[in-house]
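Protein sequences appear in the order of chains A, B and C. Residues 1 to 429 (the working numbering) make up the first sequence, in order. Residues 430 to 858 (the working numbering) make up the second sequence, in order. Residues 859 to 1287 (the working numbering) make up the third sequence, in order. Even for Gly, the Cβ is constructed at its ideal location relative to N, Cα and C. A short write-up of the structure that comes next.
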Amino acid sequence: MLSDADNEYMCRVGPGTPMGEYLRRFWIPFLLPEELPEPDCPPVRTMLMNEELVAFKDTNGDIGVVDNYCPHRRASLFFGRNEECGIRCVYHGWKFDINGDCVDMPSEPAESNFKDKVKIKAYPAREYGGLIWCYMGPAEHMPELPEIDWAPLPDSHRVISKRIQESNWVQSVEGGIDSSHISFLHSGVTPFLRDNPDKRPPARVGSQQVNFTTTDTSPRFVVDETDYGLLISARRDADQDRYYFRITQMLLPFYTMIPGSIEPGRQIGGHAWVPVDDYSCWNFSISWNPYRPFTEEEVKEHWSGAGIHALTDHNYVPLSNSRNDYMIDREQQRYRTFTGIRGIGEQDMGTQESMGALTWRAGEHLGSSDSAIIAYRRRLLKECRNLQEGIESYAATHPESYKVRSASVLIKRDEDYRVAAADRLAARI
Amino acid sequence: MLSDADNEYMCRVGPGTPMGEYLRRFWIPFLLPEELPEPDCPPVRTMLMNEELVAFKDTNGDIGVVDNYCPHRRASLFFGRNEECGIRCVYHGWKFDINGDCVDMPSEPAESNFKDKVKIKAYPAREYGGLIWCYMGPAEHMPELPEIDWAPLPDSHRVISKRIQESNWVQSVEGGIDSSHISFLHSGVTPFLRDNPDKRPPARVGSQQVNFTTTDTSPRFVVDETDYGLLISARRDADQDRYYFRITQMLLPFYTMIPGSIEPGRQIGGHAWVPVDDYSCWNFSISWNPYRPFTEEEVKEHWSGAGIHALTDHNYVPLSNSRNDYMIDREQQRYRTFTGIRGIGEQDMGTQESMGALTWRAGEHLGSSDSAIIAYRRRLLKECRNLQEGIESYAATHPESYKVRSASVLIKRDEDYRVAAADRLAARI
Amino acid sequence: MLSDADNEYMCRVGPGTPMGEYLRRFWIPFLLPEELPEPDCPPVRTMLMNEELVAFKDTNGDIGVVDNYCPHRRASLFFGRNEECGIRCVYHGWKFDINGDCVDMPSEPAESNFKDKVKIKAYPAREYGGLIWCYMGPAEHMPELPEIDWAPLPDSHRVISKRIQESNWVQSVEGGIDSSHISFLHSGVTPFLRDNPDKRPPARVGSQQVNFTTTDTSPRFVVDETDYGLLISARRDADQDRYYFRITQMLLPFYTMIPGSIEPGRQIGGHAWVPVDDYSCWNFSISWNPYRPFTEEEVKEHWSGAGIHALTDHNYVPLSNSRNDYMIDREQQRYRTFTGIRGIGEQDMGTQESMGALTWRAGEHLGSSDSAIIAYRRRLLKECRNLQEGIESYAATHPESYKVRSASVLIKRDEDYRVAAADRLAARI
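And the structure:
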C-alpha cells in the first residue's frame, strides 16, 4: 500500500508535476512510423503526458511535434496543412517548422516583424527502433536515444504493436514486472482440467517452464537495483536439484522485458507504457529476436491475437475492451482457461484497467510476491525526489546502460543465477 | 420545499452518510434470482448504495456479496472465477468465501500466514420472497428479513420486475405514495375525449374507482404514522352518500403498496426503490395476489408493458427511457391519453426522472395534495436523526411489523375508513 | 490576449453573471418558426443562456417560453400537454399560460387559492423576421425588436438556417468579424494549384474580389465605433490605383454582416450567435436580398452545403462535426482547397470549435489583422461594465439603430471609403 499523497506524486505526469518533470528527462516513444508514413502526409493529433500535441512529417522527412493550438488564435493545427517544410494553420495561414519557428505569417503586413517574435511549443522528435520518439524536457538536458535491446535491430527482427490502455502508466508497468501473475492470469490450469486430465490440451513444444509456473505458484523474489532500473528475479522450484529463474528487466522509466524461453536464441518480449494522461497510457508491445529475422510463420503468430499483441481497430483501440468486458467467455473460463479472456495482452489490460483508471494503492495488501512492485515504486519515488534536489537520473543520461535483456534459466540449486545468466542478460548477440 | 441542506441529508446514501447509515440497518433487495441462476454461475457486478460490489452464488448455493476490488492489488472480482465455494481473483489467484475470508493465497509461500490476515468486505445475503437481499450494516444490528406481504408467498402468487431508474431513490418513493397523480399521469381523460364522447374507449370491468379519480381530482389526505412507516389515505367523493378511499402503505425505508381494486380478493401492486447511487435506483415492481395463484392470462397481462411492469432489455434498462423521451407519442397524447407515454411504470419513471436526477426541492411549491410526501420526508429525517442519537428504527428491528396491505374502499360518508378497511389492511389471507 | 479573469467575465452568460445580465437586455432569437409550426403543437425543450426552458405555441398562436420545471414538484413541462391556451404538467395537471400564470390546479381543492400564488418563470416571445425571439431581462427594460436589415423583409427575400456550434458565443462572433481569415480558411488557393495553373478551377462569375483576397492576404483594418456596434473595414490592394474594401457590420451583442459582392443589388450574408450555454451557441445564418426575392435556383444553392448554410440533421446538429473531424478530406486539402472541409459554414465552425469550447485567450498572439476582434472585446467589456454602473446599452434601447448593411467596394486610393460606401451601408432599398 501507498499513501494517497505518494500515489498522486508517483502517478501524475502533467506539465509542472514532479513526476512529469522526471519523465520529461527521457526520450518518449509515442507513435508508430505507420502513423506518419511519408513526407507531407496528414498530421497526427495526440495527447502525450497530458499535453495536446500535433505531430507531422515535413517535406524533408523530419518529424515535428508541436502544440495542438496555433499561438495566433488557438485553432487546432490538426486541421492544418502539412506543406513545404512546415505546418500551416488553416485559419490565417501562419506556418511553423519543426523547430517551432514561425516561417510565414501572411495575414500580417510584409514589413511587420511580428513573425519573428512568435514561436510555437515544439519538441524534438526522431524515428528510431521502429517507433517515433519525442523529447519534452529542457534542451540542455536532452540525452541520446536509449540503446534498448530491440531498438538498433533491423525491422525484420522485430514486431511492434500499439494499443491504448485505459489506466495510469504506473499500474500498467507494475503488471509488466509482476512475474507472479503468470501462474494465474495467463494460465490454462483450471479445476476442471485438473479433475479431467483427458480434457487437457496437449503440451506445447518448449512449454516446460510453463509447468514450473504451474507447479510453483509462489515465486521467491530478489530485486537488484541497477543503473538503468531493476533486475528482478523470481525463483521457482523446478525439481529436487534445480531452480527455475525468471529474470525480468525493468528499465526506467516505463520499459519492461519479459523472461522468455529457457533455451537461448529465442525471441524476447517487452513493453513500453507511455503516459497519455493520468488515466490512460499507450502500450507498445515489442517482440524481438536479437539473433535472426522472424519467419513469416512467427510474424503471423504475433498478429494472431493470442499473445502479447492485442488486436485493435485503426485508432489502436483494442477490440476487446472495458465496454465489452474484454469479450470474456464464461464457458471458456469455467472449463479451459483461467480468465476466459483471449490474448495475453488482453488479459493484462483487462486486469489492470479493472483496478480503476488510477488505482487506490492505500487499499492494497502487498505480499512477498509483490517485492518487485514495491521496489519499483520506491525507485520511482527516489528518482523523482533526486531530480527535485538537482540530481539527474543516471538512466536518462546514460543511454548505453539500457543494453540488457530478460532471460529465464534452469540451474542447479547451489548456482548463483546472476553468474549463470550473465551472458543471457547482456544485450549482445 | 426543503432546504438544500436537508435535501442532501435526506437523499445521499454512500458509506458514512447519515441516511446511508440508516438504510444500512435494513435488509436491501438488489438482484433477481434469475441473475444468479445456479451454483458457480458467473458473478454479477453491481453498484449498491454507492458501493461497487460483486455478488456470486457459491458451490453450495449460498450467496456472497463482496467488494468489487480484490484487496491484494485491487483487480475486479467481476472477472474472477466462481469455483469451489469461493470467488478467485484471476490476477494472482487469491480466493475469498462468502464470509470474506481469504481461503487460498497461492501466490504467497505456503508457510506464510498472510492469508489469515486478509479479508475482503463481505455482506450477508439471502434469497427470499422472489428477490436476493443483502445486509450492509453492522453485524450486531442485523435483523430478520422483513415479513412484507408479498415475500412469504409462493412464486405462483407473485410477479416481480426490475428496472433501473435514473433518479434518486427518495423522489422515486415520493411518486409511489402520491395518490393524487393518478388522476392525471395515468389517466385516459383528455380534452379531446371530453369533447368527443363517442371516441372514448369502452369502460373496463372493475374500473369504477377510476371514474372516482377522474371526477374528483383533488383528494383529501390523511396520513397516520405507524410503526413500520405511514398509512396514507386519500379521500375522494364517490356519490352523495359515499367516499372513495385509496389507502396506500409506505413501509420504511423504500417500499410502497398501491391501493388496488375496491373488490376484495384481487391483486395488489407495490414497489421497492433501492439506491444504486445518489442519482439512480433499482425499481422492483411487485404484483401479488395473497389469495390465489395468478392465471396464465394475468401473468401475460403483467408483462404486456401496459401496467406497472416496464419493458426492459437484459440489463434491466427500460426500452422507453430518457434517451428516447420515453417514446412519447404526441398524437396519442393529444387525443387518447394524458401523457402519450405507454405503460404505467414508464409514465412514473419518465416523470420522476424529468425532475432531474436529484431534484431541487427548494424550488417546489407543495400543496395539500402533497401531504403524504411531506409526511414521508419528515419521517425519514426523523428516523435518520434518531439513529444518529442512538435510537434504532422500530421498522428495521421489527420485521413482523410489515404485515400490512394497501386497499381501496367505498364507504358511507359517516364511516371511519380505518375501521371499515381494517380487515383489508392487515396482511392475512 | 486577454487575462483569464476578463475572459471569464466576457464569455459567461448564466443568470446573475454580468455579461448574462447585459445580454438579457436584448431580444434573443432562439428558434425557427418551423419548430413551433402551429397552435397547440408539441412543445420544444431548449437551453438558452444557461437556462433550461420549454417553448410552446398556444391555442391563439401566441408563444410561451417557460421554465422547464413545473414549480409544483419540478417535473419537466417538455412532456406537458399543450392545450387550450396553456401548457399542462402531466404529473398533477397544473396548467400555465404564456404569462406564467397558473390557470388551473386541479389537484388542489376548488376552494384553495393556492393557484393564485403560484407562477412559473416565463419570458415574452415573438415571431419576427423569420425567427422566434424571447426577452429574458427585466420587464421595465424590454425594448422593441431590433430593426435589423433582414428582419422586416418578406420570407421570399430570405433564407435562414440553424445549427448548433460547440463553442462559446464570443469566439464564434469573433470569427464573423474577422475579415482576414477569408484569404485562407475559405480559399481555394493551395501550393499545388499555384504550381499547376492548368489544374485550377475556372474563375466564377463575380469572383473578382476573391482574387483581391488572394493577392493581398494582410488587410489593413480600421474599426469605427458606432451606436449599434462596430463598423469594420478591411482594406486590400486591388490594383495600382484602387483599394478593395470589405466592410463588415458588427451589431451588438452577437450579429454580424458579411461583406458581399462589390456589385450593388446582390445578396448579403449574416449571422447571429446565440449562447446556449457557456460552451455552445446556436448559429443562425441568414442570406437575404433586400431588393428582390430569391430565385428557386438561388434557394437551392443556399441549401447545397457549399456556402454559409451548413447541412444538419433534424436536431440542427451539423452532419460535419467534431466527431467526424468535419469530414476533412486530406486529398482535397492537399490539392484543391485550403482546408479540405466542404462548406463555408463548416469551415468556420470546425476552426472555431477546434480552439476549445471556451478558448484560452491568454494563450493568443494577436496581430494588426486582429484589430476588429480586439475592438469587439473592448466594446463588449465596456458595454457590460457600463450596465453594471447603471448605463443602459444604446443598441439595446434603440432598435432602429440596426438599420445598416455590410458592403464591399472598389474605390480610388484617395477616396474615403465611408463616403463612397455610405449608400451601400445604410439599410434602405
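(request) Starting from Ile328 (chain A), find everything on chain B with Cβ-Cβ shorter than 7 Å and list it in chain order. (result) Within the first sequence, residue 328 (chain A) is the residue found at index 328, counting from 1. Here the neighbours are Phe508.
(request) Report the neighbours of Phe972 (chain C) on chain B: residues whose CB is nearer than 7 Å to its CB, in chain order. (result) The residue you call residue 972 (chain C) lines up with position 114 of the third sequence. Correct list: Gly796.
(request) Report the rounded CA-to-CA distance for Pro109 (chain A) versus Asp1036 (chain C), giving the unit in angstroms. (result) Stepping through the first sequence from its first residue, residue 109 (chain A) is reached at position 109. Stepping through the third sequence from its first residue, residue 1036 (chain C) is reached at position 178. Each residue's alpha carbon lies about 16 Å from the other.
(request) Give the interface partners of Glu942 (chain C) over in chain B, defined as CB-CB distance under 8 Å, in chain order. (result) Within the third sequence, the letter at position 84 stands for residue 942 (chain C). Residues of chain B passing the Cβ test: Pro620.
(message) My output table needs one value for Asp1206 (chain C): the three-state DSSP class, helix, strand or coil.
(response) Here residue 1206 (chain C) is taken as the residue at index 348 of the third sequence, counted from 1. In this structure, Asp1206 (chain C) counts as helix in the three-state DSSP scheme.
(message) Below 9 Å on C-beta distance, what does Tyr498 (chain B) contact in chain A?
(response) Sequence index remark: in the second sequence, residue 498 (chain B) carries index 69 (1-based). Ser354, Met355, Gly356, Thr359, Trp360, Gly363, listed in chain order.
(message) Between the segment 839–851 of chain B and the segment 674–681 of chain B, can you find at least three pairs of beta-carbon atoms closer than 8 Å?
(response) yes
(message) For a contact defined as C-beta to C-beta under 8 Å, what are the partners of Tyr91 (chain A) on chain C?
(response) Reading the first sequence from its first residue, position 91 is the one you call residue 91 (chain A). In chain order: His1039, Phe1042, Leu1043, Thr1209.
(message) Taking 8 Å as the threshold (beta carbon to beta carbon), is Pro581 (chain B) in contact with chain A?
(response) Reading the second sequence from its first residue, position 152 is the one you call residue 581 (chain B). False, the Cβ-Cβ gap to chain A never drops below 8 Å.
(request) Consider the Cβ of Ala735 (chain B): report whether some Cβ of chain A lies at a distance smaller than 8 Å. (result) As a position in the second sequence, residue 735 (chain B) is number 306, starting the count at 1. Output row for Ala735 (chain B): interface = no.
(request) Give a yes or no on whether the C-beta atoms belonging to Gly938 (chain C) and Pro901 (chain C) are separated by under 8 Å. (result) Within the third sequence, residue 938 (chain C) is the residue found at index 80, counting from 1. Within the third sequence, residue 901 (chain C) is the residue found at index 43, counting from 1. For Gly938 (chain C) and Pro901 (chain C), yes; Cβs fall inside 8 Å.
(message) On the DSSP letters alone, give me the boundaries of the alpha helix (DSSP H) that Asp545 (chain B) sits inside.
(response) The count along the second sequence starts at 1 and reaches residue 545 (chain B) at position 116. Its alpha helix (DSSP H) spans residues 543–546.
(message) For Ile840 (chain B), list the residues DSSP reports as bridge partners.
(response) Counted from its first residue, the second sequence places residue 840 (chain B) at position 411. DSSP lists B:Tyr672 as partners of Ile840 (chain B).
(request) Name the residue from A:Asn7, A:His92, A:Arg24, A:Thr295 whose alpha carbon lies nearest to the alpha carbon of Glu140 (chain A). (result) The residue labelled residue 140 (chain A) in the question sits at position 140 within the first sequence. Here the closest residue by C-alpha is A:Arg24.
(message) When you compare the segment 925–941 of chain C with the segment 779–791 of chain B, are there three or more beta-carbon pairs, one atom per stretch, that lie closer than 8 Å?
(response) yes
(request) Please list the partners that Gln332 (chain A) has in chain B, where partner means a Cβ-to-Cβ separation under 9 Å. (result) Along the first sequence, read from residue 1 onward, the residue named residue 332 (chain A) stands at position 332. The premise fails here: Gln332 (chain A) is roughly 11 Å from chain B at the closest Cβ pair, so nothing lies under 9 Å.
(request) Could you list which residues in chain B have their beta carbon closer than 7 Å to that of Arg217 (chain A), in chain order? (result) For the purposes of this step, residue 217 (chain A) is identified with residue 217 of the first sequence, where counting begins at 1. First, the amino acid is wrong: residue 217 (chain A) is Thr here, not Arg. Within chain B, the residues near Thr217 (chain A) are Gly522, Pro535, Ser536.
(request) Using only alpha-carbon positions, find the residue among B:Phe641, B:Gly658, B:Cys518, B:Phe613 that is nearest to Pro828 (chain B). (result) As a first step, residue 828 (chain B) must be located in the second sequence, where it is residue number 399. The shortest Cα separation from Pro828 (chain B) among B:Phe641, B:Gly658, B:Cys518, B:Phe613 belongs to B:Gly658.
(message) So with CB distances below 7 Å, who are the chain A contacts of Phe1306 (chain C)?
(response) This structure cannot settle anything about residue 1306 (chain C), because the visible part of chain C is limited to 859 through 1287.
(request) Alpha carbon to alpha carbon, how far is Asn926 (chain C) from Phe914 (chain C)? Give it in angstroms, no decimals. (result) Position 56 of the third sequence, counting from 1, holds the residue named residue 914 (chain C). Position 68 of the third sequence, counting from 1, holds the residue named residue 926 (chain C). Roughly 11 Å between the two C-alpha positions.
(request) Indicate the three-state DSSP secondary structure (helix, strand or coil) for Gln267 (chain A) in the structure shown. (result) For the purposes of this step, residue 267 (chain A) is taken as residue 267 along the first sequence, with counting starting at 1. Gln267 (chain A) falls in the coil class under three-state DSSP.
(message) Under 8 Å, with one C-beta from each stretch per pair, do the segment 444–460 of chain B and the segment 550–567 of chain B reach the 3-pair mark?
(response) yes
(request) Mind listing the chain C neighbours of Thr768 (chain B)? Cutoff is C-beta to C-beta under 7 Å, in chain order. (result) Position 339 of the second sequence holds residue 768 (chain B). Chain C residues near Thr768 (chain B): Phe937, Val948.
(request) Below 6 Å CB to CB, which residues in the same chain sit around Val532 (chain B) once its five sequence neighbours on both sides are set aside? (result) Locating residue 532 (chain B) in the second sequence gives position 103, where the first residue counts as 1. Same-chain partners within the cutoff: Gly515, Lys524, Asp526.
(request) Report yes or no: is there a C-beta of chain B within less than 8 Å of the C-beta of Arg931 (chain C)? (result) Here residue 931 (chain C) refers to the residue found at position 73 of the third sequence. With 8 Å as the cut-off, Arg931 (chain C) counts as an interface residue toward chain B.
(request) Report the residue ranges of all alpha helix (DSSP H) runs contained in full by the segment 780–858 of chain B; include only those spanning at least 4 residues, in chain order. (result) 800–817, 823–826, 846–849, 851–854
(request) Just confirm the distance between the C-beta atoms of Phe507 (chain B) and Lys591 (chain B), as a whole number of angstroms; I'd bet it's less than 8 Å. (result) Against the second sequence, residue 507 (chain B) aligns to sequence position 78. Against the second sequence, residue 591 (chain B) aligns to sequence position 162. Not confirmed; about 19 Å, so no contact.
(message) Beta-carbon within less than 7 Å of Arg629 (chain B)'s beta-carbon, same chain only, minus the 5 sequence neighbours each way: which residues are those?
(response) Along the second sequence, one-based indexing puts residue 629 (chain B) at 200. Taken in chain order, the residues that qualify are Leu622.
(message) Across the segment 572–587 of chain B and the segment 535–551 of chain B, are there enough close Cβ pairs to call them in contact, namely three or more that are closer than 8 Å?
(response) no
(message) Beta-carbon within less than 8 Å of Val317 (chain A)'s beta-carbon, same chain only, minus the 5 sequence neighbours each way: which residues are those?
(response) The residue labelled residue 317 (chain A) in the question sits at position 317 within the first sequence. The residues are Arg163, Ile164.
(message) Please state whether the Cβ-Cβ distance between Glu1083 (chain C) and Arg1235 (chain C) is less than 8 Å.
(response) In the third sequence, the residue the question calls residue 1083 (chain C) occupies position 225. In the third sequence, the residue the question calls residue 1235 (chain C) occupies position 377. No.
(message) My output table needs one value for Trp702 (chain B): the three-state DSSP class, helix, strand or coil.
(response) The residue labelled residue 702 (chain B) in the question sits at position 273 within the second sequence. Trp702 (chain B) falls in the strand class under three-state DSSP.
(request) For Val532 (chain B), name the three-state secondary structure that DSSP assigns. (result) Counting from one through the second sequence, the residue named residue 532 (chain B) turns up at place 103. Three-state DSSP puts Val532 (chain B) in a strand.
(message) I need the DSSP call for Trp1027 (chain C), collapsed to helix, strand or coil.
(response) Position 169 of the third sequence, counted from the start, is the residue given in the question as residue 1027 (chain C). The answer is helix: DSSP assigns Trp1027 (chain C) an H, G or I state.
(message) I'd like to know if the segment 1215–1233 of chain C and the segment 1028–1047 of chain C are in contact, where contact means that at least 3 CB-CB pairs between them fall below 8 Å.
(response) yes
(request) List the residues of chain C that Asn54 (chain A) touches, going by C-beta distances under 7 Å, in chain order. (result) What you label residue 54 (chain A) is simply residue 54 of the first sequence in a count that begins at 1. Just to set this straight, residue 54 (chain A) is Val in the shown sequence, not Asn. Per Cβ cutoff of 7 Å: no residues; Val54 (chain A) is ~11 Å from chain C at best.
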